[in-house]
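Chains as they are written, first to last, in the numbering used here: chain A, 149 to 233; chain B, 3 to 231.
A quick write-up on the structure given underneath.
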Amino acid sequence: MARVVIDVMLKPEILDPQGRAVEQALTRRGLAGVRHVRQGKHFVIEVEGEITADVQAELERVAAEVLSNPVIEDYVIRSAAESDE
Amino acid sequence: MTTRIGVITFPGTLDDVDAARAIRYSGAEAVALWHGDADLKDVDAVVLPGGFSYGDYLRCGAIANLSPVMSVLVPAALEGLPVLGICNGFQVLCEAHLLPGALTRNQTLHFVCRDQQLTVADTTSAWTNAYDVGQVITVPVKNGEGCYQADDATLDELERTGRVVVRYHDLNPNGSRRDIAGIRNERGNVVGLMPHPEHAIDDLTGPSSDGLGFFTSILTTLVGQGVLA
Numbered sequence: 149m150a151r152v153v154i155d156v157m158l159k160p161e162i163l164d165p166q167g168r169a170v171e172q173a174l175t176r177r178g179l180a181g182v183r184h185v186r187q188g189k190h191f192v193i194e195v196e197g198e199i200t201a202d203v204q205a206e207l208e209r210v211a212a213e214v215l216s217n218p219v220i221e222d223y224v225i226r227s228a229a230e231s232d233e
Numbered sequence: 003m004t005t006r007i008g009v010i011t012f013p014g015t016l017d018d019v020d021a022a023r024a025i026r027y028s029g030a031e032a033v034a035l036w037h038g039d040a041d042l043k044d045v046d047a048v049v050l051p052g053g054f055s056y057g058d059y060l061r062c063g064a065i066a067n068l069s070p071v072m073s074v075l076v077p078a079a080l081e082g083l084p085v086l087g088i089c090n091g092f093q094v095l096c097e098a099h100l101l102p103g104a105l106t107r108n109q110t111l112h113f114v115c116r117d118q119q120l121t122v123a124d125t126t127s128a129w130t131n132a133y134d135v136g137q138v139i140t141v142p143v144k145n146g147e148g149c150y151q152a153d154d155a156t157l158d159e160l161e162r163t164g165r166v167v168v169r170y171h172d173l174n175p176n177g178s179r180r181d182i183a184g185i186r187n188e189r190g191n192v193v194g195l196m197p198h199p200e201h202a203i204d205d206l207t208g209p210s211s212d213g214l215g216f217f218t219s220i221l222t223t224l225v226g227q228g229v230l231a
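As structure tokens, then:
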């Protein structure tokens, strides 16, 4: 069994009102020097067997077509570290 | 023969009953379509109603787009079947790439529910021929993720080709780029908008009857295509 992580973030040019609300809340909470917050999605996917080239290609496809919307979002795929729950 | 217009129900759809009522008001027969059935029941047009399909999980409309009924709706729409997506239905049409762009969280982060003035900008679509260009109509808008986004090139192309169908008039409730409330595809058979014409079909239950024009327009379109005798 292998685990991969797919992180999906709004593209930099797309306004992220949730990130901005969090940014303002952190500043109000007294955290000094907060310049910018952006909020995204974190998927941890377990797959049977090894991550072969075919599996990797299939993961790329679902990351691009299902887990993210290419109009507004970018994604990054990596293998999961121990710390990824 | 009566015109038959399908209304798709997904888990979490809310406005299918009002959409069906608006269809009946316009003089057509409303046909219930189910998300889990890859069957359009030979309808002449389809309405994707508002609501929160699949709880808006992942992204609004994203999981609905993967449902069996969409596997037959998308090719039919590409062949010319008239499709109207209202609110969540608009989000589904964007996720299905039948319309360009995407709907994101309202700029204010607030869910907005109000009687909204719109300017009709295009009357060539299958769903807007009952209106005049520049006509101001009042229909409810109610969404949390109705901020229309697309890149500048796409927006320029939409405006250049007259594919912005309705714009927000008195104010922009969600931060949509260029005040866009609804758009159409190139052919004009597919229209999506965030406001709810099906909630404004008579003075008893809505702020006006201005929304009925979407549903009478499609009958005119189908008569023109020879679908109806």
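Even glycine gets a Cβ: it sits at the ideal position worked out from N, Cα and C.
Keep in mind that this is a model prediction, so the values were computed, not measured.
For B/Arg26, the uninterrupted alpha helix (DSSP H) run begins and ends at 18 to 28, by DSSP. Residue burial is scored here from C-beta neighbours: B/Gly136 has fewer than 16 other C-beta atoms within 10 angstroms and is therefore classed as exposed.
Partner residues in the beta bridge of B/Val48, as assigned by DSSP, are B/Gly8, B/Val85. Taking a contact as a CB-CB distance under 8 Å, the pair B/Thr11 and B/Ala30 does not count as one, their CB atoms being some 17 Å apart. In this structure B/Val138 is exposed. Its beta-carbon is surrounded by fewer than 16 other beta-carbon atoms within 10 angstroms. Rounded to the nearest angstrom, the gap between the Cα atoms of B/Gly82 and B/Thr218 is 18 Å.
In the three-state reduction of the DSSP assignment, B/Asn90 falls in the helix class, which pools H, G and I. The alpha carbon of B/His198 has as its nearest neighbour, out of B/Leu221, B/Tyr170, B/Leu100, the alpha carbon of B/Tyr170. Setting aside the 5 residues that flank it on each side, B/His201 is surrounded in the same chain by Asp20, Val141, Pro142, Gly208, Gly213, each with a C-beta closer than 7 Å to its C-beta; the list follows chain order.
Cβ neighbours of B/Asp117 within its own chain (closer than 7 Å, five residues either side excluded): Thr140, Pro142, Pro209. Chain-order list of chain A residues neighbouring B/Gly103: Val219, by C-beta distance under 7 Å. Under a criterion of Cβ atoms nearer than 9 Å, the residues of chain A adjacent to B/Leu111 are, in order, Pro165, Gln166, Arg168, Ala169. Note that the segment 77 to 96 of chain B does not touch the segment 155 to 168 of chain B; fewer than 3 beta-carbon pairs, one per stretch, sit closer than 8 Å. The straight-line gap separating the alpha-carbon atoms of B/Val94 and B/Leu35 is approximately 15 Å.
Under the 10 Å beta carbon count, B/Ser127 is surrounded by 16 or more other beta carbons and is classified as buried.
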